[in-house]
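Worksheet: the structure to be examined is printed underneath.
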Amino acid sequence: MSHGHGSNPLAHPEVQMANNRSYVTGFIVASLLMAAATVLVSGHLLPPFALLLAITGCAGLAIIAQVYFLLHMDLSEHSIWNTVALIMFIPLFVITIGLTWWMFSQLYLRTMPMIPGMPGMH
Amino acid sequence: MLVNLPGPWNPWLGRLALSEIPYTNPILAPLFVVVVVLGLLMVAGITYYGKWGYLWKEWLTTVDHKKLGIMYIILGLVMLFRGFIDGLMMRTQQAMAVGPHASGMMGAVHGYLTPFHFGQIYSAHGMIMILLAATPLLVGIMNIVIPLQIGARDMAYPYLNALGLWITAAAVVLIMASLFVGDFAHNGWFGYAPIFELAYSPGVGVDYWIWTFQLVALGTTLGSINFIATIVKMRAPGMKWSRLPMFTWASLSANIIALTSFPCLQVAIGLVAADRYLGTHFFTAGFGGNLMLYTNLFWLWGHPEVYFVILPAFGMISEIIPTFSEKPLFGYVTMVLATFAIAGVSWLVWLHHFFTMGMGPYVSTEFSVATMLVGIPTGVKVFNWAFTMYRGRLTYTAAMYWALGALFLLLVGGLTGMMLSIPAINYMVHNSVFVVAHFHMMLLCIVYAIFGSVIYWFPKVFGYTLNEAWGKVMFWLFSAGTALVFIPMFMEGFMGMTRRLDWPFDPHWAPYLNIQVLGILVYVLSILAFVVMLYVSIRDRAQHRAAADAWGTSRSLEWLTASPVPFYNFAVVPQVNARDEVAWRREHGLSAQRASHYDAIHMPNNTGIAIIIGGLTFVLGFALTWRIWWLSLISLLAIIVMMIYRSAKGDPGHVIPAEEVERMDREAERTMPRADLPRHSGGVLGGAIAYDSGAAGEGSANLRGAPDYRP
Amino acid sequence: MSSAAEKVDPEKVVLWAGEHEGHDVISTRTFGFWLYILSDGMLFATLFAAYGVLSYAHSYYTGPTPAQFVAPWYTFIQTMALFLSVLAYGFSMTALKHGNRAGVINGLLAASVLGVVFLGLDIHDVLRMFGMHITPWTSGGLSAFYMLTQVHAAHIFFGLIWMLVMIYQVMRKEFTEEVIGRLISLRMFWQFQAVMWVFIYVFVYLWGYMS
Chain A
1 MSHGHGSNPL AHPEVQMANN RSYVTGFIVA SLLMAAATVL VSGHLLPPFA LLLAITGCAG
61 LAIIAQVYFL LHMDLSEHSI WNTVALIMFI PLFVITIGLT WWMFSQLYLR TMPMIPGMPG
121 MH
Chain B
1 MLVNLPGPWN PWLGRLALSE IPYTNPILAP LFVVVVVLGL LMVAGITYYG KWGYLWKEWL
61 TTVDHKKLGI MYIILGLVML FRGFIDGLMM RTQQAMAVGP HASGMMGAVH GYLTPFHFGQ
121 IYSAHGMIMI LLAATPLLVG IMNIVIPLQI GARDMAYPYL NALGLWITAA AVVLIMASLF
181 VGDFAHNGWF GYAPIFELAY SPGVGVDYWI WTFQLVALGT TLGSINFIAT IVKMRAPGMK
241 WSRLPMFTWA SLSANIIALT SFPCLQVAIG LVAADRYLGT HFFTAGFGGN LMLYTNLFWL
301 WGHPEVYFVI LPAFGMISEI IPTFSEKPLF GYVTMVLATF AIAGVSWLVW LHHFFTMGMG
361 PYVSTEFSVA TMLVGIPTGV KVFNWAFTMY RGRLTYTAAM YWALGALFLL LVGGLTGMML
421 SIPAINYMVH NSVFVVAHFH MMLLCIVYAI FGSVIYWFPK VFGYTLNEAW GKVMFWLFSA
481 GTALVFIPMF MEGFMGMTRR LDWPFDPHWA PYLNIQVLGI LVYVLSILAF VVMLYVSIRD
541 RAQHRAAADA WGTSRSLEWL TASPVPFYNF AVVPQVNARD EVAWRREHGL SAQRASHYDA
601 IHMPNNTGIA IIIGGLTFVL GFALTWRIWW LSLISLLAII VMMIYRSAKG DPGHVIPAEE
661 VERMDREAER TMPRADLPRH SGGVLGGAIA YDSGAAGEGS ANLRGAPDYR P
Chain C
1 MSSAAEKVDP EKVVLWAGEH EGHDVISTRT FGFWLYILSD GMLFATLFAA YGVLSYAHSY
61 YTGPTPAQFV APWYTFIQTM ALFLSVLAYG FSMTALKHGN RAGVINGLLA ASVLGVVFLG
121 LDIHDVLRMF GMHITPWTSG GLSAFYMLTQ VHAAHIFFGL IWMLVMIYQV MRKEFTEEVI
181 GRLISLRMFW QFQAVMWVFI YVFVYLWGYM S
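Protein chains in written order, with the numbering used here: chain A, 1 to 122; chain B, 1 to 711; chain C, 1 to 211.
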């Protein structure tokens, strides 16, 4: 439903927020972090738990960089609702994954025979 | 790559064969004849009166949120009836089959339904009532009311709105098709692993169940995006968040729940589909699958869904009670907070559907406590409604009856829910009919709110009020039915009767089951009362012409515009000055004020693409159910092509000139009873005087807090 | 109560707003689409939850685990293809800012070529694993692995179709509010796939490899 207020749609703030420097920064930061994570993992450079923490950190920083530099999530007038919606969703992502994992780790603790030395993630 | 099917399959018809049509079934075959005859009669009637063009132009291609809402509600009422018939069959079967010596007929050992048929009935009943009756009814009412309450011309995406309706309609057609072609799932409405796996349910029933679920999930997600965007982006000037009507707040929270939870359902059901179609091992017994993972993923959606359906009902109650108490809603801010608290906690409680899984005390404790927490905001709401009525000028209209009845059921359902939130009790009554009775109390609370709001908003949409006397007759019959069916059910639950028994083996249950059949008969009478109410109201519509403010004491913005609502909603977009704008204008003697200047209005065009895509999604669902691969592929491609076509075509919309708007507005004004003469005392005394003009409203300070209700 | 009625002057109070501010078509579209993207994120979150439950040792049913078949550097190349594609799309958006039609089309073309590279690498990887008899129907753990990675690939596939449609629309149409709204929506969609890919790459591929 076009309202046609006569103004040039290219002047819309969401068009004008595009910014090459920001996109390149996001790209470089995310790429470096992913490369670092890959180097750490492929060389098994850290003990397992430290490695897990390290790559989780890399992922977290890369996500923040992408969300900020690429998706323009900030508190400006034209992004605020998108940011609010994102912030509202994040706890739900955490709940969905976190409580499910917790629930099943407790269930497995009680129902699955633990075989020492079996490969797995936990 | 695809699984090996048990049974025949051919490339053209998939698993479809003449033998899949149950023409020998003594129940379905006559029903099929009745449906075909009714369908032919409808087609003949429409052709005879030459209404095809009208139907296509005014309804099937419409993007008007009110017409879409009406169609949602009709869809929901039809499915409510279908679900009720399923309930009637379950009640009669159990009453006939109770005890070890009960006789059987029509192929059943006990009663008249075979276990396989009975399984399909309870599965269809649950799924229909939640997803294809309650949800469309609520979405329909939200569709009609939200844009009016916030002063918008339409939804944010009118075309998407139509698409949501037609995809939901496709889901309805798909589940109805399962009656006559093939069979339906027999694994309960929420399914159990691994019984829905191909090895244990080789027929197409589970596939119907899967694709119906997927379609309705898609339709509801599209709808929820639309509602949220509408409320965030389309409010009239001055409609600040602090002035948003309570139903809109409730709908906002409900749609946030829908938006966030339906993807979980799509994944849960999608993984079942992967197991059945591709042979993966998500929920298989063995090969590393996890049976309880399914239950977990399903209720991850399932519990938020419960609040998705109950929050709009709370919103409806919050609109009806202040109107008929002639007071503003007590505790507006706490009401909003309570609504969002319920929405938030709804994400932390899903495990209470399977406390018996065995994950140990820590996990159970968290979910038990979280479940109990729901009681706090719900309690806040109940007290707010009670305080709204306290020392108000109460008018016991039919709508008010339903709202008060809903409060009573909420109390019964809520307190039994508190009992069930305790894991130790849950272990005792898990999967008993006590649980069934509990959630029927909650769902009937929603049904009560829906009937109340249908009566409440009917004059706004159609321009005349429904017959009050028959509305009350229906209320009393329906309530008697509810009591007769569900009080014995609570007792049976304590006697150890589990749910879904095609053969209730214990003869001690017989008296209770017989009372329930009596209750069902009373329900039948209440449906008749509903039909009579519609008939009488339509017959006498000229005498019951509604003013813009149909009840004389209404409060929110939808009552500002003409009844029935013109297709453009507001001839001139109102400037909102207060919370409860209409009450504010009435109070200040501004009700009769009309805009002096009209502008041209830009409206979206009708489109046939939505219904075509809806039809294609049905074909896709049907083809996938029967594994007709070529048809699935073609319908999927056709959907994509239609979307690209619509994208290329766009919608320029059309403009209604200012003079035309003015003419239509004057015409509506002329045919309506006077809006500035409320039926009661004029709203000068009692609560109608009190309003809250919101944070920045002028002179609002002395009006907030406890108003003076001197007679 | 002394009513506030006298405080409102019926001559001065503003009761009607009129059409003076039509709503913002682009923002309304992109906000709605962002909501869809977030619900899509919920879909991925649920798949991650399923993957978490199905990534225990017993979930692989004594069959192969990701540690045995994941090739980190191969998947890193995939990562770069996707990141570069997103970058190219960003350049296209900057061209749009200046109304540069050719720049928009070049950016979109580059983004889609890189997207095809990503998809090709993914398909090649799947075929390699199938060659090693590592399939989704081997075990629940592998079902979850394939589902998560291939649902992402399906998003890329539909994004590519959309991109082709947009290239056509940019060539044939003016930069209307509809076209711009779609371009921005697709930008968010495409960038969001990169965000999801970070999670998949780190927590499915890398973590799977190290376990």
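We treat Cβ as the ideally placed atom computed from N, Cα and C, and that holds for glycine. Being a predicted model, the structure only gives us computed values, none of them experimental.
Three-way DSSP call (helix, strand, coil) for residue i in this model
| i | result |
| --- | --- |
| H654 of chain B | strand |
| R579 of chain B | strand |
| I601 of chain B | strand |
| D40 of chain C | helix |
| R772 of chain B | Nothing about residue 772 of chain B can be reported from this structure: the residues present for chain B run from 1 to 711 only. |
| S76 of chain A | coil |
| F118 of chain C | helix |
| M121 of chain A | Below a pLDDT of 50, predicted positions are generally treated as unreliable, and M121 of chain A, at 43, falls in that range; no measurement from the model is reported. |
Residues bridged to residue i [DSSP beta-bridge criterion]
| i | result |
| --- | --- |
| T498 of chain B | B:S432 |
| Y464 of chain B | B:R545 |
| P26 of chain B | Answer is none; P26 of chain B lacks a bridge partner. |
| P574 of chain B | C:W16 |
| N10 of chain B | B:G14 |
| G188 of chain B | According to DSSP, which records beta bridges pairwise, G188 of chain B is partnered with nothing at all. |
| G104 of chain B | B:G111 |
Cβ of residue i within 8 Å of any chain A Cβ
| i | result |
| --- | --- |
| T260 of chain B | yes |
| T138 of chain C | no |
| M292 of chain B | yes |
| V126 of chain C | no |
| I26 of chain C | yes |
| E11 of chain C | no |
| K173 of chain C | no |
Below-8 Å beta-carbon distance, residue i vs any chain B residue
| i | result |
| --- | --- |
| W16 of chain C | yes |
| Y89 of chain C | no |
| F157 of chain C | no |
| W81 of chain A | yes |
| L35 of chain C | yes |
| Q169 of chain C | yes |
| V104 of chain C | no |
CB contact below 8 Å: residue i versus chain C
| i | result |
| --- | --- |
| A85 of chain A | yes |
| V573 of chain B | yes |
| S76 of chain A | no |
| Y68 of chain A | no |
| A50 of chain A | no |
| A583 of chain B | no |
| A610 of chain B | no |
| V147 of chain A | Residue 147 of chain A lies beyond the residue range present for chain A, which begins at 1 and ends at 122; the question has no answer from this structure. |
| L71 of chain A | yes |
| I63 of chain A | yes |
| A54 of chain A | no |
CB-CB length for residue i against residue j, believed under 8 Å
| i | j | result |
| --- | --- | --- |
| V267 of chain B | A50 of chain C | 7 Å |
| M389 of chain B | I321 of chain B | 6 Å |
| H78 of chain A | P13 of chain A | 5 Å |
| A62 of chain A | L38 of chain C | Not quite, the Cβ-Cβ distance comes to about 19 Å (not below 8 Å), so this is no contact. |
| G107 of chain B | F190 of chain B | Between F190 of chain B and G107 of chain B the Cβ distance is about 28 Å, and since that is not below 8 Å, they are no contact. |
Proximal residues, the stretch 47-80 of chain C versus chain A, C-beta separation under 7 Å: Listed by position along the chain: F48, A49, G52, V53, S55, Y56, A57, H58, T65, A67, P72, W73, F76, T79 and M80.
Interface positions of the stretch 331-357 of chain B facing chain C (Cβ-Cβ less than 8 Å), listed along the chain: If you check each beta-carbon in the stretch 331-357 of chain B against every beta-carbon of chain C, none falls closer than 8 Å.
Contact residues within the stretch 31-57 of chain B, judged by C-beta distance below 7 Å to chain C: From the stretch 31-57 of chain B, no residue has a Cβ closer than 7 Å to chain C.
Chain B contacts from the stretch 101-114 of chain A (Cβ-Cβ distance under 8 Å): Within the stretch 101-114 of chain A, the qualifying residues are W102, M103, F104, Q106, L107, L109, R110 and T111.
Residues, ordered as in the chain, of the stretch 2-27 of chain A that lie near chain C by beta-carbon distance below 9 Å: Among the residues of the stretch 2-27 of chain A, those with a Cβ less than 9 Å away from any Cβ of chain C are S2, H3, G4, H5, N8, P9, L10, H12, P13, E14, V15, Q16, M17, A18, N19, N20, S22, Y23, V24, G26 and F27, in the order of the chain.
Near-chain A residues of the stretch 218-243 of chain B (beta-carbon distance less than 7 Å), N- to C-terminal order: Result list: V232.
Residues, ordered as in the chain, of the stretch 358-373 of chain B that lie near chain A by beta-carbon distance below 7 Å: The residues in question are G358, M359, G360, Y362 and V363.
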